[in-house]
Structure formats: structure tokens, C-alpha cells
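S.K.: Quick one: the structure is below, and I'll ask about it shortly.
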Amino acid sequence: MNDLYQEVLIEEARHPQNFGQLADADTVLKERNASCGDDITIYLKLAADKDSIIDLSWEGHGCIISQAAMSVLSAKIKADQLSLNDIAKLPTAEIEKLLGIEEISPGRLKCLLLGKQALVSSR
């Protein structure tokens, strides 16, 4: 495991971005990885079109990969003002890049994509 990968994972685990409940959320999404027990709850405030994200936060438990991936994904969504449609088109490689890795093992792919899956399944 390269040092950058470890550093990003550890930092995101210690200080997850956008973590916690969103008081005025109008949509709550939940996803669970049955194979390892990871879970993510995403709180969204959506625009009238039900695609544009006004605000989001999240909570979760599980492995460092699922939690770090949701942390960096939430930051990207806010920074780039991604819609639910944009997120559905987001390639796995982009999430890997946000974590500083080139390719994740097939066994950890569900962990990496848990947050994206929750968002995509809401459409």
C-alpha cells in the first residue's frame, strides 16, 4: 500500500468531511454492504427538480475504505455542485483518484462504491 493511499485514508477516517445529520434534509438515503456490514446514511436537501443537490451530509460505520470514500465523494459533490445524474455517471476511477489509489481490489469495490450506490439508487 503506498504512503499517499494510507495518508488519505487515515486523514479521512479521523476527520470525515460533511459528517453528521443535516437538519433540513428532505431526502434520507441508506445503503448497506451485506458482505462486510458497512453502512452509509446520506442526508440530502434537493432542489425542486429532485436532481440538483443543494446540501448534503452523511453518517456511517464500517471499514476505512467505505468511510473515506464517502468523505471525499461528499466533498467532490459539494465542490463541483454535482447532481444525482452527474454522480451516476462518475467513473469508479474518479473515486479511486480522490483517495489517491490507482485501482482497488475486486473484494473492496463494494466498499469504495457504497456511497455512490446509495445516491444512484435514489434516482
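For what it's worth, the numbering used here labels the leading residue of the sequence shown as 1, then goes sequentially. Cβ atoms here follow ideal geometry from the backbone N, Cα and C, with glycine treated the same way. Computed from a prediction, not measured in an experiment: that's the story for all the values here.
Please report the straight-line C-alpha distance between residue 39 and residue 61, rounded to a whole angstrom.
M.R.: For the purposes of this step, residue 39 is identified with residue 39 of the sequence shown, where counting begins at 1. For the purposes of this step, residue 61 is identified with residue 61 of the sequence shown, where counting begins at 1. Answer to the nearest angstrom: the Cα atoms are 5 Å apart.
S.K.: Which value, in whole angstroms, describes the spacing of the CA atoms of residue 120 and residue 87?
M.R.: Counted from its first residue, the sequence shown places residue 120 at position 120. Counted from its first residue, the sequence shown places residue 87 at position 87. Cα to Cα, the separation comes out at about 7 Å.
S.K.: Hey, is the segment 72 to 87 in contact with the segment 7 to 24, meaning 3+ C-beta pairs nearer than 8 Å?
M.R.: yes
S.K.: Alpha carbon to alpha carbon, how far is residue 41 from residue 51?
M.R.: For the purposes of this step, residue 41 is identified with residue 41 of the sequence shown, where counting begins at 1. For the purposes of this step, residue 51 is identified with residue 51 of the sequence shown, where counting begins at 1. Rounded to whole angstroms, residue 41 to residue 51 spans 18 Å at the Cα level.
S.K.: Would you mind sorting residue 21 into buried or exposed? The rule is 16 or more other CB atoms within 10 Å of its CB.
M.R.: By 1-based counting over the sequence shown, the position of residue 21 is 21. That one is exposed.
S.K.: Quick check for students: name the residue ranges of the beta strand (DSSP E) that lie wholly in the segment 3 to 79, counting only runs of 3 or more.
M.R.: Unbroken beta strand (DSSP E) runs of no fewer than 3 residues, entirely contained in the segment 3 to 79, are found at 27 to 33, 38 to 46, 53 to 61, following chain order.
S.K.: For residue 13, which residues from the same chain have a beta carbon less than 7 Å from its beta carbon, with the 5 sequence-adjacent residues on both sides left out?
M.R.: For the purposes of this step, residue 13 is taken as residue 13 along the sequence shown, with counting starting at 1. The residues are 64, 67, 68.
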